[in-house]
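This report refers to the structure that appears directly beneath it.
In my numbering, the protein residues as written are 372 to 790.
As structure tokens, then:
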């Protein structure tokens, strides 16, 4: 398995990001992922996680792949592709089957059948199932079993979470990727991949929420006792901060973006009221002096709104202020100055910035929060190929991933959309 290549493709509103990892021997024994390439190019034809212009999206993805191949010196033939957007929904489901063997011993096939039974949920019109992820099993009424294989019983139940997406959006993303000449290993709900990169199994056991603040959407996933408890895609992101600054300063989006990147903060109380910036130095057609405190007030208001939406999701599952491992922020929006302190105040929980776990690299870019999803897609592929960690979701990904019981099973759709 050594020297195997894993590629993650994150198709975002602001940028297309590609991470390339190579499987190498680990100093502790076994194998690990070494990141050999991480690139980012401006995105076009994508908005709120969905394809809005197919040709522009294809061009953007192609540029990112070409740059990744040039940097790594490796031809990229296939990738794990993240899917995002407010059209993605999740729901809980239960699958129940009888144990097949006469001696009552539960085998892999029984687990597969229970997961398949959980797929038979009422899917909204035009929606497709992306993932069926088991949370826990019940054997003859005994609940909370993580792995029932080799146990004995008559009745096997699985509690699973079903991730679904709008069929047209799934096909548009698939078509855009295939038109670049890249093959798709599978589509992965982006926030789940992100979490694979930035939180440990210990954090997932204790209870943690991963929040990815992208350009036009904010994604979150909550884990507890190692299981996915809740997911959500919120149609608000860091681009809304840019728009607010543009409106507040009566300037262009381009200038507002530069203001956000270089002068915005989420903590207005820490800004000197006399501090000023010149918009002319940031690309405005005329010189205009504005107060940095005013910019901070605008930024704080929108970031607080994002946090309010996230906390509303936590309240739905009675976990507001109740996650011992706290909040892990990632995504491009997590680079805003002062956002960690603002989040600590908003959530009343420990807050940290997500950084890659379980990989090695000499590339500084891997520590950029905006690269976390692409990195996570590499790790997802690593886990599902049976070469990654054996605990938690990685255990079931590696054992049943190739059988399409947990992953999407889009192979037929993929084949039909190939050019």
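The beta-carbon is built from N, C-alpha and C at its ideal position, and this holds for glycine as well. The model shown is predicted, which means the values in this text are computed figures rather than measured ones.
Pick out whichever of the options has its Cα sitting closest to the Cα of residue i.
i	options	result
residue 468	489, 459 and 387	489
residue 464	535, 582, 655 and 696	535
residue 638	547, 708, 400 and 386	708
residue 403	731, 748 and 549	731
residue 754	568, 390, 662 and 653	568
residue 584	529, 427, 474 and 383	383
residue 687	473, 577, 592 and 392	592
residue 621	389, 484 and 665	665
residue 517	704, 524 and 505	505
residue 705	723, 396, 737 and 624	723
residue 589	673, 549 and 379	673
residue 461	520, 453 and 493	493
residue 828	695, 387 and 682	Here the chain comprises residues numbered 372 to 790, so residue 828 is not present and cannot be evaluated.
residue 511	470, 531 and 679	470
residue 597	577, 747 and 487	577
residue 651	667, 642 and 627	627
residue 509	435, 605 and 531	531
residue 718	747, 677, 438 and 459	677
residue 413	388, 480, 393 and 424	388
residue 482	519, 491 and 457	519
residue 507	415, 485, 564 and 379	485
residue 643	663, 381, 544 and 456	663
residue 581	377, 425 and 727	727
residue 579	721, 736, 539 and 714	721
residue 543	424, 495, 449 and 381	424
residue 618	572, 606, 670 and 640	670
residue 455	439, 420 and 747	420
residue 393	399, 746 and 375	375
Which residues bound the alpha helix (DSSP H) around residue i?
i	result
residue 549	538-549
residue 558	Looking at the DSSP string, residue 558 is not in any alpha helix (DSSP H); the run it does join, the beta strand (DSSP E), is 554-560.
residue 415	Note, residue 415: premise wrong, no alpha helix (DSSP H); not H, not E.
residue 749	743-755
residue 612	609-620
residue 735	Premise fails: residue 735 is in no alpha helix (DSSP H) and is neither H nor E.
residue 576	572-577
residue 706	That residue, residue 706, is in no alpha helix (DSSP H); it is neither H nor E in DSSP.
Identify every residue that forms a DSSP beta bridge with residue i.
i	result
residue 526	469
residue 385	Looking at the DSSP assignment, residue 385 forms no beta bridge with any residue, so it has no partner.
residue 513	510
residue 583	590 and 701
residue 534	461 and 502
residue 394	404
residue 421	418
residue 377	392
residue 595	598
Residue i: beta carbon under 7 Å from a heavy atom of the ligand SAM?
i	result
residue 570	Only the bare structure without any ligand can be found here, which leaves the ligand SAM out of the picture.
With 8 Å as the threshold, decide whether the Cβ of residue i is near any Cβ in chain D.
i	result
residue 407	Chain labels in this structure do not include chain D; a single protein chain is all it has.
Which residues bound the beta strand (DSSP E) around residue i?
i	result
residue 602	598-605
residue 724	722-724
residue 730	730-732
**Message:** With three or more C-beta pairs closer than 8 Å as the rule, is the region 621-633 touching the region 400-411?
**Reply:** As far as the Cβ criterion goes, the region 400-411 does not touch the region 621-633, which means the pair count is below three.
**Ordered list of alpha helix (DSSP H) runs contained in the region 626-700, each at least 4 residues** = Runs of the alpha helix (DSSP H) inside the region 626-700: 663-687.
**Request:** Evaluate contact between the region 444-457 and the region 608-628, counting only Cβ atoms and requiring at least three cross-stretch pairs below 8 Å.
**Result:** No contact exists between the region 444-457 and the region 608-628.
**Request:** May I have a chain-ordered list of the alpha helix (DSSP H) segments no shorter than 4 residues that lie completely inside the region 438-497?
**Result:** Runs of the alpha helix (DSSP H) inside the region 438-497: 479-489.
**Request:** Determine, using beta-carbon pairs with one atom in the region 676-694 and one in the region 593-608, whether at least three such pairs fall under 8 Å.
**Result:** The answer is yes - the region 593-608 touches the region 676-694, with three or more Cβ pairs under 8 Å.
**Message:** With three or more beta-carbon pairs closer than 8 Å as the criterion, would you say the region 736-748 touches the region 694-703?
**Reply:** Yes: at least three Cβ pairs fall under 8 Å.
**Asked** Quick check: the region 472-485 against the region 515-533, are there 3 or more CB pairs under 8 Å?
**Response** Taking one beta carbon from each stretch, the region 472-485 and the region 515-533 have 3 or more pairs nearer than 8 Å; the two touch.
**Request:** Count the C-beta pairs between the region 558-573 and the region 494-502 that are closer than 8 Å, then say yes if the count reaches three, no if not.
**Result:** Yes, they touch.
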